[in-house]
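Written out below as structure tokens is the structure these notes cover.
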Amino acid sequence: MWDKREAIQRHIAQHQVTLLVGETGSGKTTQLPQFVFEMKPKGRIACTQPRRVAAMSVGMRVAEEMDVRCGSEVGFSVRFHHNCCESTKIVYMTDGMLLREAQGDPLLSQYSVIVIDEAHERAVDTDILLGIVKLLCAKRSDLRVVVMSATLDMQKFQEYFTGAPLLRVPGRMFNVAVFYTQQPVQDYVAAAIDHAVHIHLTEPAGDILVFLIGEAEIERAITRCQDRLEREMNSPTARPDLLRFKVLPLYGSLSLEAQKRVFMSAGPNTRKIIFSTNIAETSVTIDGVVFVVDSGYHKQTLYDAKVRIDSLLPAVISKASAEQRKGRAGRTRPGKCFRMFCEKDYPTLPDQSYPEVLRTNMLSTVLIMYRLGLENPCQFPFLDPPSHQSFLDAFTQLIYYGALDENDACLTEFGKSMADFPVEPHVARMLFLFWILPLIKVSLMRLRSYYGALDENDACLTDFGKSMADFPVEPHVARMLIKASGMGCSADVAVIAAMIESGNVFLRPGRRQGEADQMRLRFENPDSDHITLFNVFHAFLANHRSPTWCDNNFLKFQTLQQAERVYMQLVSILQRKEYRVVSAYRQDTKVVDSAKVRRAMLEGLFTQVAFLPSGFDKYRMVREKQVAFTHTSSVLNKGKPQWVMYDRLELQGKEGCFIRVGSVVDPAWLPDVHEEYFDPAEIPDGLVAAELRAVILKRNQEKAQSAKDQI
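In full-length UniProt numbering, the protein residues as written are 1 to 711.
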């Protein structure tokens, strides 16, 4: 990379957009921003990454290379963690954080150079950012953009950025021998563990990097691998010269402290065995890795707009990902890559990753696009445009939430508030103006006020919608937070939102699952998984944030630390937006008003309500023709309440859909939250509609009797 330094600087100075393909080991992620820094641009240099772990670790590494403190001239910015100051010149950040900055500064005027790294991954925020900088280039002739990748589809990107020159930078790679399985493996996790153990017992020094698909799988694999290795090391026949070992996880929700351990030396005569998601594929360099075990899978989010279900499912990786994983073994010396699939299957892998924007829920994306000042998200210059159905579903949900004004397609004031939070939004109805107004005008009129985020008169974000967009959470969580401020429990809902955002907090180690389940009972609320999470958070604070207490109670200390950081940011946004921060939690009894909190949560989750008919074992969704079981880990699985609300449905292969985190709902709340949404005439499921009619009839009778009593 250093040999190309002057050529790269010339290209950036002479061209507004530069496309750079840097092979694995070229140093593009760490070196190029430093080359730009030498050019002394007036403003900051942003270097975006698809993942928070990469943004933080690379930021710290570059600060070390430049011999400065991280947070001074070089810093990083990820959701809920900002480490920069006024004098910072190079900022490593997630794509999403730069998009959030663009909400307040549409021209991104404090940045002179924007470097978009790992563009080949085609994350949804990356694709939105590519479109934003393309539009910005027409408005800012001084702006310089560099799009980087190790495996870029150059023809597509050169057509997108017309006339952009292409630079290729060779990598510094040692030879990596590739080994395949002789037969297809039935259990790739077990096969990966077997290979990791075999490598440790038979191969010379060198760290091992194992690619699996997710946090839960990684934690289980670590337990099994440690057990196996301890037995082998303690065996009477064990070789006396065997290396010691340290088994470590690497995934997105790890705390910064836990991530740092992956990059530190394991010490003399000790081998690191790292079980990682695909975050270790690119950008992140773990010195010392010589052996890679590739499961051949990653997790991919698939969204079905018709029934509004997110499915996080294992999917085969692309050839580009397989090559990136292989390259992790050849950074410092010749290495070996063990692939858990047959050589004949390699040609069947897709060449590149399927763009996330084509398979994801567009709700949060559309809300942010409105907040960025884009008048018509449907006309945005996507590299690969999403389907009309995806847009329609997002617009419909925004209208439900009251975030979108359907008459002029702008955010309501409530919608603006929703956008302020780093959570989900729900309400829209813009699409009808652009594509199918004659077909859906009547139904959209019914949807117009569901969420209060879309103004039905002009199809733009309401003030409420703009407020929603200010929160770095999903729209339904943003709406929930804002509404809770007027219901006396915004601080409590912020705790629950923070716990959900921070990931799974419960540990279930393989040999102690029964003990862990018993400890979990201490925190359970019989009516609500959400209140259970709330109880865990307050117990953590009451026990002085003790790591030992967390270990004894089978709770993840790092997750609770992260939850507290998220909570503080959500409260800060509420206060900045002048919403009341109040709590229904009593310190003397250590009990929260569960009904009040659940009623406030329903303001955001009313489109995610399900009903269990008598004699049935599956819940039925109110609006979608979809059924779901309660997950065995949910408190709802014990009592099987009739009405529940949930965060999301999880599709688990052939087993079907499951509600993992949910709460009991008093059906009398439903028509009060949103009369139109729960109108029985609009409910497709006859059993659900009949029950709602009974609920509404009972409510009306009680109101009539109450009025009578007052006369």
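Note that CB positions come from ideal geometry on N, CA and C, so glycine has one too.
The structure presented is a predicted model; accordingly, all values stated were derived computationally and were not measured.
{"Check": "Buried versus exposed, by CB contacts within 10 Å (16 or more), H476", "Outcome": "buried"}
{"Check": "For G327, the three-state DSSP class (helix, strand or coil)", "Outcome": "helix"}
{"Check": "Closest residue to A584 among Q518, H15, N535 and N175 (Cα-Cα distance)", "Outcome": "N535"}
{"Check": "Closest residue to E215 among F395, I128, D405 and K299 (Cα-Cα distance)", "Outcome": "K299"}
{"Check": "Terminal residues of the alpha helix (DSSP H) in which C550 lies", "Outcome": "P547 to N552"}
{"Check": "Helix, strand or coil at S663 according to DSSP, with G and I counted as helix", "Outcome": "strand"}
{"Check": "T88 in three-state terms, based on DSSP", "Outcome": "coil"}
{"Check": "Beta-carbon proximity of I309 to L651, cut-off 8 Å", "Outcome": "yes"}
{"Check": "Bridge partner(s) assigned by DSSP for S528", "Outcome": "N525 and S663"}
{"Check": "Residues of its chain near R220, where Cβ-Cβ distance is below 8 Å and the 5 sequence neighbours each way are ignored", "Outcome": "V189 and G510"}
{"Check": "DSSP bridge partner residues for R239 (one or two, in chain order)", "Outcome": "Answer is none; R239 lacks a bridge partner."}
{"Check": "Ranges of the alpha helix (DSSP H) found wholly within the region 355-389, counting only runs of at least 4", "Outcome": "363-371"}
{"Check": "Residues near C137 by beta carbon distance below 7 Å, same chain, minus five either side", "Outcome": "Q16, V17, L143 and V145"}
{"Check": "Simplified DSSP state of L250, which is helix, strand or coil", "Outcome": "strand"}
{"Check": "Collapsed DSSP secondary structure at T277 in the structure displayed", "Outcome": "coil"}
{"Check": "Contact the region 327-342 vs the region 18-36: 3+ CB pairs below 8 Å", "Outcome": "yes"}
{"Check": "Option nearest V197 by Cα separation, candidates Q183, C225 and V185", "Outcome": "C225"}
{"Check": "Rounded C-alpha distance that separates F37 from M97", "Outcome": "21 Å"}
{"Check": "Where N234 falls: helix, strand or coil (DSSP)", "Outcome": "helix"}
{"Check": "Option in I273, T181 and S253 with minimal Cα separation from L201", "Outcome": "I273"}
{"Check": "Residue environment, E217, which counts as buried when at least 16 other CB atoms sit within 10 Å", "Outcome": "buried"}
{"Check": "Own chain residues within Cβ distance below 6 Å of G171, not counting five before or after", "Outcome": "E23, T24, G25 and S26"}
{"Check": "Cβ separation of D529 and G662, assumed to be a contact under 8 Å, to the nearest whole Å", "Outcome": "6 Å"}
{"Check": "Minimum C-alpha distance to E86 - residue among E101, Q110 and G104", "Outcome": "Q110"}
{"Check": "Simplified DSSP state of I208, which is helix, strand or coil", "Outcome": "strand"}
{"Check": "Contact set for E524: own chain, Cβ-Cβ below 7 Å, skip 5 residues either direction", "Outcome": "T532 and V635"}
{"Check": "Same chain only: Cβ atoms within 8 Å of S443, ignoring 5 sequence neighbours per side", "Outcome": "Because the pLDDT at S443 is just 36, under 50, the model does not fix this residue reliably, and the value given afterwards should be weighed accordingly. There are no such residues."}
{"Check": "Every unbroken alpha helix (DSSP H) within the region 575-640, with a cutoff of 4 residues, ordered by chain", "Outcome": "594-605 and 636-639"}
{"Check": "F380 versus Q513: straight-line alpha-carbon distance, rounded", "Outcome": "49 Å"}
{"Check": "Sequence-distant residues of its chain with Cβ nearer than 8 Å to G206 (five each side left out)", "Outcome": "R271, G288, V289, V290, F291, R333 and G335"}
{"Check": "Cβ-based burial, residue 762 [other Cβ within 10 Å; buried from 16]", "Outcome": "Limits of the chain in this structure are 1 at one end and 711 at the other, which puts residue 762 out of reach."}
{"Check": "Boundaries (first-last residue) of the alpha helix (DSSP H) holding F174", "Outcome": "Here F174 belongs to no alpha helix (DSSP H), and DSSP marks it neither H nor E."}
{"Check": "Length of the line joining the Cα atoms of M233 and R586", "Outcome": "52 Å"}
{"Check": "DSSP-derived helix/strand/coil call for F338", "Outcome": "strand"}
{"Check": "Residue(s) in a DSSP beta bridge with S149", "Outcome": "V21"}
{"Check": "With 16 other Cβ atoms within 10 Å as the buried cut-off, status of W2", "Outcome": "exposed"}
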